[in-house]
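A.B. asks: In this note's numbering, the protein residues as written are 1 to 178.
Mind having a look at this structure? Questions to follow.
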Amino acid sequence: MTFYPMLGATVLLIDPKLVENLFEEVKMLPIDNASESTKRKIKMEMKIVSIFTIINTTVAMAVGFAVLIFNRYDYTTFLPIKYFVDYHPEYSGIFANIYKGSFTFAVTFLMTPHAYQVVYYTQHFKYQFWMLIDLIDDIMRGEISHILPSRLIEDHEYQQQIKLNLIGFVKRHQELLM
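Here's what the structure looks like:
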């Protein structure tokens, strides 16, 4: 329970822009490149993730503040509170308040942001792959419906266009994977 908040605080102190720099490293396609169905799908999923984030943050805050409420099990549940009561009884209330207050801070402000960053970036990469699939579908549909497939093999200009597009897709795919 204490390792994750400490790791979160350490990351924030050492390199606060660690995850923020990801968008500078990878060129993201704008959502305008997506088809209408993909745009709708992306927007719907963005709403779901936003609602989840709001609910999760609310629950994290509620849990953080619920820990502040003292109950009869604190002495046996939290080792530091047992230590405070046993060895510093005159200050145990103050120390216990500080200790339990740090839980509220840790749960709400140190543990959740990193999880949200991971969700945020994985969702963006998923959307990028969806848009890449849309671009590939556009080539497959293309302006070639009136030409017989057997004739396309002989069409040098069409083959060059397909070759350049496929090279671009492979490069884009590699950018997203790296």
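We put the CB at the ideal spot given by N, CA and C, even for glycine.
Since the model is a prediction, treat every value here as computed from it, not as a measurement.
Just to confirm my understanding: we take alanine 60, look at its own chain, exclude 5 residues before and 5 after, and list those with CB closer than 8 Å. What are they?
C.D. replies: Val107, Thr108, Met111 and Thr112.
A.B. asks: Closer than 6 Å by C-beta to isoleucine 139: which residues in its own chain qualify, once you throw out the five before and the five after it? Chain order, please.
C.D. replies: Only Asn165 meet the Cβ criterion.
A.B. asks: Using the C-alpha atoms, what's the distance from glycine 64 back to lysine 100?
C.D. replies: C-alpha separation (whole angstroms): 9 Å.
A.B. asks: Decide if valine 67 is buried, meaning its Cβ has at least 16 other Cβ atoms within 10 Å, or exposed.
C.D. replies: Label assigned to valine 67: buried.
A.B. asks: Does the beta-carbon distance from alanine 62 to isoleucine 81 come in below 9 Å?
C.D. replies: The answer is no: Cβ separation not under 9 Å.
A.B. asks: Quick check on DSSP: helix, strand or coil for lysine 17?
C.D. replies: Lysine 17: coil per DSSP, three-state reduction.
A.B. asks: Leaving out five residues before and five after tyrosine 75 in sequence, what residues of the same chain have Cβ atoms less than 8 Å from its Cβ?
C.D. replies: Excluding positions up to five away in sequence, the list reads Ile81, Lys82 and Val85.
A.B. asks: Please state whether DSSP places methionine 111 in a helix, a strand or coil.
C.D. replies: The answer is helix: DSSP assigns methionine 111 an H, G or I state.
A.B. asks: Quick check on the DSSP output: the alpha helix (DSSP H) that includes serine 50 runs from which residue to which?
C.D. replies: 36 to 68 is the extent of the alpha helix (DSSP H) around serine 50.
A.B. asks: Which one of Gly168, Pro30, Lys17 and Val119 has the shortest CA to CA distance from methionine 131?
C.D. replies: It is Pro30 whose Cα lies nearest to the Cα of methionine 131.
A.B. asks: Which two residues bound the contiguous alpha helix (DSSP H) that contains phenylalanine 103?
C.D. replies: Its alpha helix (DSSP H) spans residues 92 to 105.
A.B. asks: Buried or exposed for tyrosine 127, going by 16 or more other Cβ atoms inside 10 Å?
C.D. replies: By the neighbour-count rule (16 or more Cβ atoms within 10 Å), tyrosine 127 is buried.
A.B. asks: Measuring alpha carbon to alpha carbon, tell me which residue in Ser50, Glu90 and Asp137 is nearest tyrosine 120.
C.D. replies: With distances taken between Cα atoms, tyrosine 120 lies closest to Ser50.
A.B. asks: Which same chain residues, not among the five before or five after alanine 34, have their C-beta less than 6 Å away from its C-beta?
C.D. replies: Cβ within range, chain order: Met131 and Asp134.
A.B. asks: How big is the Cα-Cα spacing for glutamine 180 and glutamine 161?
C.D. replies: One cannot answer for residue 180 here, as it falls past the ends of the chain, which runs 1 to 178.
A.B. asks: Considering Cα atoms alone, identify which of Glu36, Thr77, Ile136 and Asn56 is closest to phenylalanine 169.
C.D. replies: When only C-alpha atoms are compared, the closest one is Ile136.
A.B. asks: Using the C-alpha atoms, what's the distance from histidine 173 back to phenylalanine 129?
C.D. replies: Using only the alpha carbons, I get a separation of about 8 Å.
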